[in-house]
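In full-length UniProt numbering, the protein residues as written are 1 to 372. These notes concern the structure reproduced below.
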């Protein structure tokens, strides 16, 4: 809701308008997604399946394909983690021909952007973008206001808040109780920042930077997505933290997509999946339940029941135990060799003893014969 209208070509068509058709209800719903590789589209799970966990069957992607070109569910693959996690990846085949040759991809952030010190590095602000409703319009006949959408891309700069303020480890809160904020149709869109946000600046230059990023985001100004918009409450937007799902995104795309550490001196993340644990007491949000025409009205925080935890630390005595085991093996080997040597010595002594007795018998035998 609110924001500045911008041509999708400004972002090299990396932010995609998704429309789905619900044949049962005879309705068309809108969502947003981001291209994270040459053929992978990141969006929300509720943008591709209904409340009964049944996938929609007809899709259009006017941003990257010819207008109103209809795709059936069998024309691509859809990857999901779990029905409780509002995250999905649409995978097009390798021979898919897109409308634009200069299509760009969004860079995914592996850093934990829930951390206050990392939010400080982008001055506690991010950008949200989507094709959702952008204003409320009065209906004099019904004496009520209704949200209006025109299917055009809009972008806005919003404040972001640390987990202490948001009171959650599984979502990023943005917007501050007033316009702009995400609304119907923005689900699946990115929460991101530009690389030039990481530079030092004054408050006087922020407005100039905002205008520049919206109207002239040069290619060398990379876009780093650290959140996936999935819902919210009035005047407040909630996004899934990308870093918690990097392991799954990398794995399911066979590493065609790789998250990047922006603020840490580390390489590209290709890590195994960390453990997940339940987050108790996390409420579900259904902020748009009064809107009957837009699927985003049924948004719920499907991911609040899970949380990614770091891998456990390696016990300090593990290597010590390993060394002790190696010493025991060496001692056992030495004792075995000593036993073999003792056995060989005994065999030699026995052989010598029998040889000596035989020699003595041979010497005494002729004497006995002579006496006879």
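Quick reminder that beta carbons are idealized off the backbone N, C-alpha and C, glycines included.
If you compare alpha carbons, which of the options is closest to residue i?
{"i": "residue 195", "options": "260, 51, 16, 343", "result": "260"}
{"i": "residue 78", "options": "137, 255, 57, 347", "result": "57"}
{"i": "residue 110", "options": "48, 147, 247", "result": "247"}
{"i": "residue 91", "options": "342, 76, 264", "result": "76"}
{"i": "residue 68", "options": "18, 81, 26", "result": "18"}
{"i": "residue 150", "options": "157, 138, 134", "result": "134"}
{"i": "residue 30", "options": "188, 193, 337, 242", "result": "188"}
{"i": "residue 21", "options": "10, 176, 60, 124", "result": "60"}
{"i": "residue 85", "options": "254, 144, 351, 47", "result": "47"}
{"i": "residue 197", "options": "258, 144, 262", "result": "262"}
My understanding is that residue i touches residue j, with C-beta atoms under 8 Å, so please give their C-beta distance in whole angstroms.
{"i": "residue 42", "j": "residue 36", "result": "5 Å"}
{"i": "residue 16", "j": "residue 28", "result": "16 Å between Cβ atoms; not a contact."}
{"i": "residue 172", "j": "residue 113", "result": "7 Å"}
{"i": "residue 193", "j": "residue 122", "result": "5 Å"}
{"i": "residue 83", "j": "residue 119", "result": "In fact, because the Cβ distance is near 30 Å, the residues do not count as touching under 8 Å."}
{"i": "residue 87", "j": "residue 225", "result": "With a Cβ gap of about 13 Å, residue 87 and residue 225 do not count as contacting."}
Let me confirm a value: residue i is counted as buried when at least 16 other C-beta atoms fall within 10 Å, else exposed. Which label applies?
{"i": "residue 250", "result": "buried"}
{"i": "residue 167", "result": "exposed"}
{"i": "residue 117", "result": "exposed"}
{"i": "residue 295", "result": "For residue 295, the pLDDT reaches just 41, beneath the cut-off of 50, and the residue's location in the model is therefore unreliable, leaving the point undetermined."}
{"i": "residue 353", "result": "exposed"}
{"i": "residue 242", "result": "buried"}
{"i": "residue 3", "result": "buried"}
{"i": "residue 157", "result": "buried"}
{"i": "residue 137", "result": "exposed"}
{"i": "residue 89", "result": "buried"}
{"i": "residue 74", "result": "exposed"}
{"i": "residue 34", "result": "buried"}
With a CB to CB cut of under 6 Å and the five nearest residues on each side skipped, what residues in its chain are close to residue i?
{"i": "residue 5", "result": "152, 154"}
{"i": "residue 239", "result": "172, 191, 227, 228, 229"}
{"i": "residue 236", "result": "175"}
{"i": "residue 337", "result": "none"}
{"i": "residue 334", "result": "none"}
{"i": "residue 253", "result": "40"}
Residues in its own chain within less than 7 Å of residue i by CB, not counting five upstream and five downstream?
{"i": "residue 72", "result": "57, 58"}
{"i": "residue 264", "result": "111"}
{"i": "residue 49", "result": "55, 56"}
{"i": "residue 8", "result": "15, 63, 153"}
{"i": "residue 124", "result": "159, 160"}
{"i": "residue 346", "result": "none"}
{"i": "residue 99", "result": "64, 65, 66"}
Might you give, ordered along the chain, the residues of its own chain that have their beta carbon closer than 8 Å to the beta carbon of residue i, omitting 5 neighbours on each side?
{"i": "residue 39", "result": "91, 92, 93, 94, 96, 256"}
{"i": "residue 81", "result": "87, 245, 248"}
{"i": "residue 356", "result": "none"}
{"i": "residue 165", "result": "173"}
{"i": "residue 23", "result": "57, 58"}
{"i": "residue 358", "result": "none"}
### Message
Between the stretch 179-199 and the stretch 225-236, can you find at least three pairs of beta-carbon atoms closer than 8 Å?
### Response
yes
### Message
I want to know whether the stretch 159-170 touches the stretch 129-138 - three or more CB-CB distances under 8 Å.
### Response
no
#### Entry: Three CB pairs or more closer than 8 Å across the stretch 93-110 and the stretch 62-69
yes
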